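Position 27 of the sequence shown, counted from 1, bears residue number 37 in the working numbering, the numbering being contiguous throughout. Take a look at the structure set out below.
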Amino acid sequence: MEDDSNISELLAARGIRLTRQREKILAILLQQRDHPTASEVYERAKQKMPSISLATVYNSLEALARNGLLKQVNVDRAPTRFCANLEDHSHFFCERCGAIYDVEAAAAQLGNLPPGFVVFHADVALKGLCSTCSDLNV
Ligand SMILES: [Zn+2]
Ligand SMILES: [Zn+2]
């Protein structure tokens, strides 16, 4: 778990200055990496900042995403979810329980590109069942 000082360091390294509110919202996403929606972030933010508004949460998430501190994760038509894991990774969507997991980036496995194509980033969405739902006890 990362505390606020780690976040300040991360931001300083990237030359980004955030308002206290945005920093707190980023902390919420780093603390519980379950890819919450904006309204779930709002529910969590309210516990720390009772006066915060949903609009502020939306604006903060947007600003954080713009600064590259968050990734937006879109699944079909469901509300956008937010991911604070900045490592290159892919998302695995469980179709039964709806959970989203971070899995190793699929880029390395995409070996079948035409000659001359170079991958910088792979945004691959994997869908299936998580280990809890698949009943396969690994
Ligand atoms: Zn993620
Ligand atoms: Zn599941």
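No residue lacks a Cβ here, since even glycine has one placed at the ideal position from N, Cα and C. Fair warning: this is a prediction, and the values are worked out from it, not measured in the lab.
Let's test the definition: count the other Cβ atoms within 10 Å of the Cβ of residue i and tell me whether it reaches 16, buried, or not, exposed.
i, result
"Cys-93", "buried"
"His-101", "buried"
"His-45", "buried"
"Val-128", "exposed"
"Arg-27", "exposed"
"Arg-54", "buried"
"Leu-123", "exposed"
Let's see if you can read the secondary structure: which residues bound the beta strand (DSSP E) around residue i?
i, result
"Val-113", "110-114"
"Val-83", "81-83"
"Arg-76", "It is not in any beta strand (DSSP E) - Arg-76 instead sits in the alpha helix (DSSP H) that spans 64-76."
Provide the residue(s) that pair with residue i in DSSP beta bridges, ordered along the chain.
i, result
"Gly-138", "Cys-104"
Start and end of the alpha helix (DSSP H) containing residue i?
i, result
"Arg-32", "30-41"
"Arg-91", "Careful: Arg-91 lies outside any alpha helix (DSSP H), inside the beta strand (DSSP E) at 91-93."
"Ala-55", "48-58"
Are the beta-carbon atoms belonging to residue i and residue j less than 8 Å from one another?
i, j, result
"Arg-32", "Leu-74", "yes"
"Arg-91", "Ile-110", "yes"
"Val-67", "Ile-17", "no"
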